[in-house]
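Asker: Protein chains in written order, with the working numbering: chain A, 106 to 259; chain B, 1012 to 1278; chain C, -2 to 257.
The beta carbon of each residue, even a glycine, is placed where N, CA and C say it ideally should be.
1) When you compare each of 71(C), 49(C), 141(C), 65(C) to residue 104(C) by their alpha carbons, which one comes out closest?
2) Let me make sure I understand the geometry here. Which of 1231(B), 1233(B), 1167(B), 1064(B) has the alpha-carbon closest to that of residue 1098(B)?
3) My understanding is that residue 171(C) touches residue 64(C), with C-beta atoms under 8 Å, so please give their C-beta distance in whole angstroms.
4) Between which residues of its own chain and residue 145(A) is the CB-CB distance below 7 Å, once the five residues before and five after are set aside?
5) To the nearest angstrom, report how far apart residue 234(C) and residue 220(A) are at their CA atoms.
6) Return the residues of the region 121 to 141 of chain C that lie within a Cβ-Cβ distance of less than 7 Å from chain B, sorted by chain order.
7) Straight-line CA distance for residue 1222(B) to residue 1069(B)?
8) Could you tell me the alpha carbon to alpha carbon distance between residue 1173(B) and residue 1274(B), rounded to whole angstroms?
9) Compute every distance between the C-beta of residue 1030(B) and the non-hydrogen atoms of the ligand SAH, then say whether any falls below 7 Å.
10) Is residue 1185(B) helix, strand or coil when you go by DSSP?
11) Starting from residue 191(C), find everything on chain A with Cβ-Cβ shorter than 7 Å and list it in chain order.
12) Taking 7 Å as the limit between beta carbons, can you name the residues of its chain near residue 25(C), skipping five residues before and five after?
13) Please name the residues in the region 160 to 186 of chain A whose beta-carbon is closer than 7 Å to at least one beta-carbon of chain C, in chain order.
14) Is there contact between the region 1113 to 1132 of chain B and the region 1199 to 1206 of chain B, where contact requires at least three CB pairs shorter than 8 Å?
15) Quick one: what does DSSP say residue 1097(B) is sitting in, helix, strand or coil?
16) What residues of chain C sit near residue 190(A), judged by a beta carbon separation below 7 Å?
17) Specify the secondary structure class of residue 1167(B) as computed by DSSP and reduced to three states.
18) Label residue 84(C) either buried or exposed according to how many other C-beta atoms from any shown protein chain fall within 10 Å of its C-beta, with 16 as the threshold for buried.
19) Output the boundary residues of the alpha helix (DSSP H) element that contains residue 156(C).
20) Check this for me: beta carbons of residue 225(A) and residue 188(A), under 8 Å apart or not?
21) How many angstroms separate the CA atom of residue 250(C) from the CA atom of residue 68(C)?
22) Would you mind telling me which residues of chain A sit closer than 9 Å to residue 194(C), beta carbon to beta carbon, in chain order?
23) Given a threshold of 16 other Cβ atoms within 10 Å of its Cβ, counted over all protein chains shown, does residue 221(C) qualify as buried or as exposed?
24) Could you name the residues that DSSP lists as bridge partners for residue 178(A)?
25) For residue 242(C), which residues of its own chain have a beta-carbon under 8 Å away from its beta-carbon, when the five flanking residues on both sides are left out?
26) Touch check for the region 1107 to 1124 of chain B and the region 1062 to 1082 of chain B: three-plus C-beta pairs under 8 Å?
27) Under DSSP, the beta strand (DSSP E) around residue 1226(B) begins and ends at which residues?
28) Is the beta carbon of residue 1162(B) closer than 8 Å to that of residue 1104(B)?
29) Using the beta-carbon count (16 or more within 10 Å), is residue 1031(B) buried or exposed?
30) Taking Cβ positions only, does residue 1111(B) come closer than 8 Å to chain C?
31) Which residue from 199(A), 200(A), 168(A), 147(A) puts its Cα closest to that of residue 175(A)?
32) If contact means a Cβ-Cβ distance below 7 Å, which residues of the region 144 to 163 of chain C contact chain A?
33) Just to confirm, is the Cβ distance from residue 1047(B) to residue 1224(B) under 8 Å?
34) Can you name the residues of chain C whose CB is closer than 8 Å to the CB of residue 1108(B)?
35) Taking all protein chains shown into account, do 16 or more other C-beta atoms lie within 10 angstroms of the C-beta of residue 75(C), making it buried, or fewer, making it exposed?
36) Please determine, among 239(C), 226(C), 217(C), 177(C), the residue with the shortest C-alpha to C-alpha distance to residue 140(C).
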């Protein structure tokens, strides 16, 4: 009853399980085996409003992903939102006057941080803060503004 | 009577509120075939399971070869059981192993013998029960009698000091009953082991046993050499041995008066 | 009144003793020195009967469920013009919920009931008692390989289920309904997080494996050794395990994904 073919089938079963896990890791979750991803440096930016932004949201320059949001917390002094981001090491051309904006991918899409690089000679270092920011567009505020504008025009 | 191998003192066993064995005091002689007999439901099989310590007594002690087996822990008990063989009523062969592997099983788990030696030993025992040619069959392919013979080969493979047979003759044809009687006798003589047969087949059992114990209602009602027990004037024993339909064990389940029940009181 | 209280108390006690016995069976069969003389053969044998035998039902159900998910997801998403999010919808549903839960329920029906019936039958035919008489602990020899085979097989089966279900969704979504393959995969990869989704799903599958196998071996070991007893035990295995899987799924989901 206990035979070699049984051993082989059980071995194939285990291998299939490992293959499935590899498939889910690489093809489905896009886990990269490239270690360069882990070489990052930290910067942060302060916003008046981060509505809808979550940790692990993308950070991109001109639509290309260069990092992700690692933490969001409130600064008790200024009562502004501080967004910590990790940026890939090879992206070392973020100037000190870069502008960070919170944008939405499509109408229903996720929020992400978009950075526009400025022209200053100094580059951002690990731990630096971007102060020139555009906060998230809050739909209710926008609608409220339009209504007040319409009201004054009348 | 020769020295005793099993000593049972003041043994009580109850299952929930039901008392199954009540104050059993009996000794089973060494190297002899002892029959434990009694009507169905008198606690014979329970007594066998207590001797093999598959059950724990509610009260009293059982000494097997001088060891109080109810005081052993699980590990010691498993070791002690290597010296016992048991033939279950159903045979209880492992359904996923062949006849050969079934008989080899105790050797494989308890010894480090080389494969060649295991093969020889297994074939010797299979030969003794006449199943050497059936070694590659699976238990599902065996008849009831062959299953019990294979199980017997497995029970004696470690040359135990004590072999217990649980209802070995029940539901078997006369050829097999004769064969098994012969086997039990021969095993007892060649291996010089103590045998216990639990049975209610009077003639088959009495013809091969040296000593007998009769149980009824959880009590020992007679024990000794078969001749003395047969000639006993205890009504329980007589009813059982002679197969009388009515006696101390009533024919009727307790019921109200027959005529009253049929509403024939006036008649 | 007092009668009711008394009966309630009795039932409570019998539930407690049941849990106690189940715990003892789990504890005694799980740990202790492995039986080296028997070798890995016993475990491989059970992996074969528990894992490999369940593979067919897992793969077929996985493909079908993936295809249905893609079809249903597409009809909803296409109304918002968001059909490119199909990949993310299908993969998150599968990895977090459907994969572990459905695989576990199928595993209960295929392997759990078989384990209960097998152990119950071994008990009814005195095989377990015979093993004890030979001086071998049936908890170690019979129950332990089945327990570990179940615990090992369940996460593997769940991941295979996830993989074939996603591939089934690709067939329906990309090849038949015409969702763009690039955006299908890209959307999926952007939202699925390995640690958050794949590993949490595996933890779920592992927990289900432990509980389902535990229930199956206990019900078999504790079965009343008659035909009725075994069939009742098999039914109990399916009912208790299914409920346990769903209840645990809720708890685990609340812990893993509930609150940030």
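Answerer: In terms of the structure at hand:
1) As a working mapping, residue 104(C) is identified with position 107 in the third chain. Comparing Cα-Cα distances from residue 104(C) to each of 71(C), 49(C), 141(C), 65(C), the minimum goes to 49(C).
2) Here residue 1098(B) is taken as the residue at index 87 of the second chain, counted from 1. Checked all of 1231(B), 1233(B), 1167(B), 1064(B); the closest Cα to residue 1098(B) is 1167(B).
3) Taking the third chain and counting its residues from 1, one reaches residue 171(C) at position 174. Taking the third chain and counting its residues from 1, one reaches residue 64(C) at position 67. Rounded, the Cβ-Cβ distance is 12 Å, inconsistent with contact.
4) Position 40 of the first chain holds residue 145(A). Answer for residue 145(A): 172, 191, 192, 193, 194, listed in chain order.
5) As a first step, residue 234(C) is located in the third chain; it is residue number 237 there, counting from the start. As a first step, residue 220(A) is located in the first chain; it is residue number 115 there, counting from the start. Going from the Cα of residue 234(C) to the Cα of residue 220(A) covers about 57 Å.
6) 122, 123, 124, 126, 127, 129, 130, 131, 132, 133, 134
7) Along the second chain, one-based indexing puts residue 1222(B) at 211. Along the second chain, one-based indexing puts residue 1069(B) at 58. Taking the straight line from one Cα to the other gives about 27 Å.
8) Position 162 of the second chain, counting from 1, holds the residue named residue 1173(B). Position 263 of the second chain, counting from 1, holds the residue named residue 1274(B). Cα to Cα, residue 1173(B) sits roughly 57 Å from residue 1274(B).
9) Absence of the ligand SAH from the depicted structure is noted, as is the absence of any ligand whatsoever, leaving it without description.
10) Reading the second chain from its first residue, position 174 is the one you call residue 1185(B). Three-state DSSP puts residue 1185(B) in a helix.
11) Within the third chain, the letter at position 194 stands for residue 191(C). Ordered by position in chain A, the residues that pass the 7 Å Cβ test against residue 191(C) are 130, 134, 136.
12) Residue numbering aside, residue 25(C) sits at position 28 when the third chain is read from its first letter. Contacts found: 136.
13) 161
14) no
15) The residue labelled residue 1097(B) in the question sits at position 86 within the second chain. Residue 1097(B): strand per DSSP, three-state reduction.
16) Numbered from 1 along the first chain, position 85 holds the residue referred to as residue 190(A). Neighbours of residue 190(A) on chain C: none; closest Cβ ~17 Å, over 7 Å.
17) Start at 1 with the first residue of the second chain, and residue 1167(B) comes out as number 156. Of the three classes helix, strand and coil, the one that applies to residue 1167(B) here is coil, per DSSP.
18) Mapped onto the third chain, residue 84(C) falls at position 87. It is buried - the Cβ of residue 84(C) has at least 16 other Cβ atoms within 10 Å.
19) Here residue 156(C) is taken as the residue at index 159 of the third chain, counted from 1. Looking at the DSSP string, the run of the alpha helix (DSSP H) that includes residue 156(C) is 141 to 167.
20) Locating residue 225(A) in the first chain gives position 120, where the first residue counts as 1. Locating residue 188(A) in the first chain gives position 83, where the first residue counts as 1. In this structure, residue 188(A) does not lie closer than 8 Å to residue 225(A) by Cβ.
21) Your numbering for residue 250(C) matches position 253 in the third chain. Your numbering for residue 68(C) matches position 71 in the third chain. Computed Cα separation, rounded: 25 Å.
22) If you number the third chain from 1, residue 194(C) lands on position 197. The contacting residues are 129, 133, 134.
23) Working through the third chain from its first residue, we reach residue 221(C) at position 224. Residue 221(C) comes out exposed.
24) Counted from its first residue, the first chain places residue 178(A) at position 73. 187(A).
25) Taking the first residue of the third chain as 1, we reach residue 242(C) at position 245. 98, 101, 102, 105, 205, 208, 209.
26) no
27) Against the second chain, residue 1226(B) aligns to sequence position 215. Segment 1222 to 1227, the beta strand (DSSP E) holding residue 1226(B).
28) Position 93 of the second chain, counted from the start, is the residue given in the question as residue 1104(B). Position 151 of the second chain, counted from the start, is the residue given in the question as residue 1162(B). The answer is yes: Cβ separation under 8 Å.
29) Locating residue 1031(B) in the second chain gives position 20, where the first residue counts as 1. Buried, since its Cβ has 16 or more Cβ neighbours within 10 Å.
30) As a position in the second chain, residue 1111(B) is number 100, starting the count at 1. For residue 1111(B), the answer is no, since every Cβ of chain C falls outside 8 Å of its Cβ.
31) Translated into the one-based positions of the first chain, residue 175(A) becomes position 70. Considering only alpha carbons, the answer is 147(A).
32) 153, 156, 157, 159, 160, 163
33) Counting from one through the second chain, the residue named residue 1047(B) turns up at place 36. Counting from one through the second chain, the residue named residue 1224(B) turns up at place 213. The answer is yes: Cβ separation under 8 Å.
34) To locate residue 1108(B), count along the second chain from 1; it is residue 97. Neighbours of residue 1108(B) on chain C: none; closest Cβ ~10 Å, over 8 Å.
35) Position 78 of the third chain, counting from 1, holds the residue named residue 75(C). Result: exposed.
36) Against the third chain, residue 140(C) aligns to sequence position 143. Nearest option by C-alpha distance: 217(C).
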